[in-house]
Each structure stands twice: as structure tokens, then as C-alpha cells.
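In the working numbering, the protein residues as written are 2 to 200.
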């Protein structure tokens, strides 16, 4: 689990451990680059998170991990950073998935906080736990995700946004699985199993 100086590290680590993972929280680039599953947690602001990752040499470490066959999973802001750009602080993301994080349009109130439905849009090992309600806390979201990497979406009053994305060994969730009860726990077990797939 990447420690960039922010994020929901303690609760997310505990949730992954309950799902059967052995978790190390680290800002050491070599340890991150050698991990079987790299997790980018997410609480905070996108531009500040990207700056912290760059300052610690962790962007290169994450990319080296992927080139070496690791899986990568982002949560909330961590998911948004998988994409090309975020409007929050006008920052480039990791550019691993096509699309951008923008201020959530179509929601009656921001931030979008509380329980909402996660509705699968394609069959995938990570979307098998859904449909189910999960817990959200965010103002920015990806609303232009390419269909090929959209695994589940969540409705708002006038539209929807990507709540689960994935392509190859890269995936992310906009919701907080560690705060999403039994559905979140089932989902994290699926993430651990997916990360153990060498394909």
C-alpha cells in the first residue's frame, strides 16, 4: 500500500488484511516496485497526491511494478489518478486509463457522500459482488471512462459516473470498500484473488 503522506491507510489496510492479504504500508520506491499488488489509497486532493507521489519517486515505482507484472488498484482519489488528468488542481494523472476526473456533474449536492448503488456494466471478476450499495465521499469523478474499462457505474440525479474501472492488471474503485459493509468485504476478497492471478 503506497504511503504518500495522506489517505485512509489504517482502515483500508485492516480491510485488506481481513480479505486475506499481507499488507505492507510503504513509501519506499523499491518495495513498491516489487509488490505483487500495489494499492493507491485515496483521501485528499488529486494534485497534492500526485505531487507527493512524484516527490517520493513513487510514480516511477508504480510504473516499474506494472512493467514487472504487478497488479495496481486505486481507491477514490487513487482511482482517479489512474486516468490521464484530474480537474482537481489541474494535474496530470498516471495516464494508465483513458479519461479524466472532473467535478461531478448531475448530482444534486456535492460532495457526493453516503450510500449509493454500484451497478455492474460488464462481467469481470471484480464486478461479481455487485449490484450492491457502497459508501462514497467525493466531489470529483470520472464520467468519460472508455466503455472497455468501465466495470460498474453509479447513478446520480442527472447522470452517472464510473464507480469501478479495470483493464488488464489495473483497476480502481471510486467508493470506499473499507466502509461498504459486506459488499465491500466481498469486493476486497475479489481484489485479492484478482491480484493473485498471474495472467
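Positions of the beta carbon are idealized from the N, C-alpha and C atoms, including for glycine. The structure presented is a predicted model; accordingly, all values stated were derived computationally and were not measured.
Query                                                                                                                  : Result
Residues that DSSP places opposite residue 183 in a beta bridge                                                        : Its beta-bridge partners do not exist; DSSP assigns none.
Coil, strand or helix - residue 24 by DSSP                                                                             : coil
Range of the contiguous alpha helix (DSSP H) that encloses residue 78                                                  : 78 to 81
Paired residues, beta bridge with residue 113 - DSSP                                                                   : 139
Contact check, residue 167 vs residue 139, beta carbons under 8 Å                                                      : no
Which of helix, strand or coil DSSP assigns to residue 42                                                              : coil
Span of the alpha helix (DSSP H) around residue 165                                                                    : Taken as a continuous stretch (DSSP letters only), residue 165 belongs to no alpha helix (DSSP H), being part of the beta strand (DSSP E) at 160 to 168.
Beta-carbon proximity check, residue 74 vs residue 100, cutoff 8 Å                                                     : no
Burial state of residue 197, where buried means 16 or more other Cβ atoms lie within 10 Å                              : exposed
Rounded separation between residue 65 and residue 19 - CA only                                                         : 28 Å
Beta carbon of residue 30 nearer than 8 Å to that of residue 7                                                         : no
Spatial neighbours of residue 146 in its chain, beta-carbon cut-off 6 Å, leaving aside the 5 residues before and after : 100, 163 and 166
Collapsed DSSP secondary structure at residue 104 in the structure displayed                                           : strand
Integer-rounded CB distance, given that residue 152 should sit under 8 Å from residue 122                              : 6 Å
Expected contact under 8 Å - CB spacing of residue 76 and residue 47 to nearest Å                                      : Residue 76 to residue 47, Cβ: 13 Å. No contact.
Residue 19, DSSP secondary structure in three states                                                                   : helix
N-terminal and C-terminal residue of the alpha helix (DSSP H) that residue 153 is part of                              : No alpha helix (DSSP H) holds residue 153; the beta strand (DSSP E) holding it covers 151 to 157.
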